[in-house]
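First up is the structure itself, then whatever we jot down about it.
Number of protein chains: 2
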Amino acid sequence: MGLAKSEMFTDKQNLISSYAKVFGHPARVAILEHLFAINSCICGDLVDVIGLAQPTISQHLKELKNIGLIKGNVEGTSVCYCIHKENWTAMKATINEFLNQDINCNTDCC
Amino acid sequence: MGLAKSEMFTDKQNLISSYAKVFGHPARVAILEHLFAINSCICGDLVDVIGLAQPTISQHLKELKNIGLIKGNVEGTSVCYCIHKENWTAMKATINEFLNQDINCNTDCC
DNA sequence: TTTATTTATCGTAATATTGCAATATTATAA
DNA sequence: TTATAATATTGCAATATTACGATAAATAAA
């Protein structure tokens, strides 16, 4: 079969996994790192930097845009992409809440 | 075609995306949250808690174990699973380094 | 040993993801 | 208008993921 219904899980669980899924491909991690590194917005040279074909990069950018982590600004024939600061911060809060759960396992099994 | 070769990306990018991929399914998020919540190790009642079939849960547990975030201890006929504290902490450091990149976009495009 | 219990594995179907060639779209320049 | 340039979309093939029934493996209890 396919995927479990999202109704099986809480909104927060679905949100966390949605963010994580976006980070779950090295190309998207590389795109985001590059967007951070150049300290400025970028458009098409991601194709050269990452080493994937233009439609593939465009598709990854679309997913990043869909979840709100980047935004694109049309500038002439090109599009300038950059991190969506507010949404990135919000995402960080959600993920950190999950990652920072207390570890209190005090049984003998572990 | 298939996936991009992992050699296209840095070890760190591949590591980040590997962790993220594991978190990229709500069932695994739910399993981990439950392991944290019960403050103790657990084995088979995850099937009841999550609501997926036993082979499916076993498969998700295997992925969590493979990447090192949980460990399982055989106790009689059941297996007691729990968070692997050291590895969880190490994973957190890796992910946080990625999430906490500075946002310094000072151009007009965003 | 036989039986019951728990978990893991196998096999397979359904679905999702990834990558790219071809093409369309959009905007600028000539 | 006609090129040119940059990006997006479409269509499709290859692969990966997910889910579960059936079954195997391991252990404990009778």
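Same order as they appear, the protein sequences are chains A and B. Going left to right, the first sequence walks through residues 43 to 152 as the numbering used here numbers them. Going left to right, the second sequence walks through residues 43 to 152 as the numbering used here numbers them. C-beta: ideal position from N, C-alpha, C; glycine also. In this text the structure is predicted, and so the values were computed from the model without any measurement.
Please decide whether residue i counts as near chain B, where near means a Cβ-Cβ distance under 8 Å.
| i | result |
| --- | --- |
| A/S120 | no |
| A/N56 | yes |
| A/K107 | no |
| A/G86 | no |
| A/H76 | no |
| A/L111 | no |
Quick one: is residue i near chain A, going by C-beta distance under 8 Å?
| i | result |
| --- | --- |
| B/I99 | no |
| B/V89 | no |
| B/L103 | no |
| B/Q96 | no |
| B/I73 | no |
| B/A62 | yes |
| B/G155 | Residue 155 of chain B is absent from the model: chain B starts at 43 and stops at 152. |
| B/Q143 | yes |
| B/G44 | Below a pLDDT of 50, predicted positions are generally treated as unreliable, and B/G44, at 40, falls in that range; no measurement from the model is reported. |
Please return the same chain residues whose Cβ sits closer than 7 Å to the Cβ of residue i, not counting the five positions on each side in sequence.
| i | result |
| --- | --- |
| A/V89 | Q96 and I99 |
| B/M133 | Y61 and L111 |
| B/L45 | Per-residue confidence for B/L45 stands at a pLDDT of 43, beneath the threshold of 50, marking its modelled position as unreliable; the derived number appears in the next sentence. Around B/L45: no qualifying Cβ. |
| A/F65 | V71 |
| A/T131 | none |
| B/E117 | none |
Can you find the residues in the same chain that come closer than 6 Å, C-beta to C-beta, to residue i, ignoring five residues on each side of it along the sequence?
| i | result |
| --- | --- |
| B/K113 | H126 |
| B/V91 | H76 |
| B/K54 | none |
Using alpha carbons as the reference points, say which of the options lies closest to residue i.
| i | options | result |
| --- | --- | --- |
| A/F140 | A/E49, A/E105, A/L106 and A/S59 | A/S59 |
| A/T52 | B/K54, B/N138, B/E105 and B/I73 | B/I73 |
| A/Y41 | A/K63, A/Q55, A/E49 and A/D87 | Look at the range of chain A in this structure, 43 to 152, and you will see that residue 41 of chain A is not part of it. |
| A/E75 | A/L106, A/N56, A/Q55 and A/K54 | A/L106 |
| A/N129 | A/I109, A/A69, A/V91 and A/I92 | A/I109 |
| A/M50 | B/T119, B/V116, B/G93 and B/E117 | B/G93 |
| A/K104 | A/K54, A/A69 and A/N56 | A/A69 |
Apart from the five residues on each side of it in sequence, which residues of its chain come closer than 8 Å, Cβ to Cβ, to residue i?
| i | result |
| --- | --- |
| A/H67 | H102 |
| A/M43 | With a pLDDT of only 41 at A/M43, under 50, the local geometry of the prediction cannot be trusted, and no value is derived from it. |
| B/E137 | For the record, residue 137 of chain B in the displayed sequence is Ile; it is not Glu. For B/I137, where only same-chain residues beyond five positions count, the Cβ hits under 8 Å are I58, Y61 and A62. |
| A/A135 | none |
*At a cut of 8 Å, does the segment 132-145 of chain B reach the segment 96-107 of chain B through at least three beta carbon pairs?*
no
*Contained beta strand (DSSP E) runs [length at least 3] in the segment 93-145 of chain B, N- to C-terminal order*: Fully enclosed beta strand (DSSP E) runs of 3 or longer: 112-117 and 120-125.
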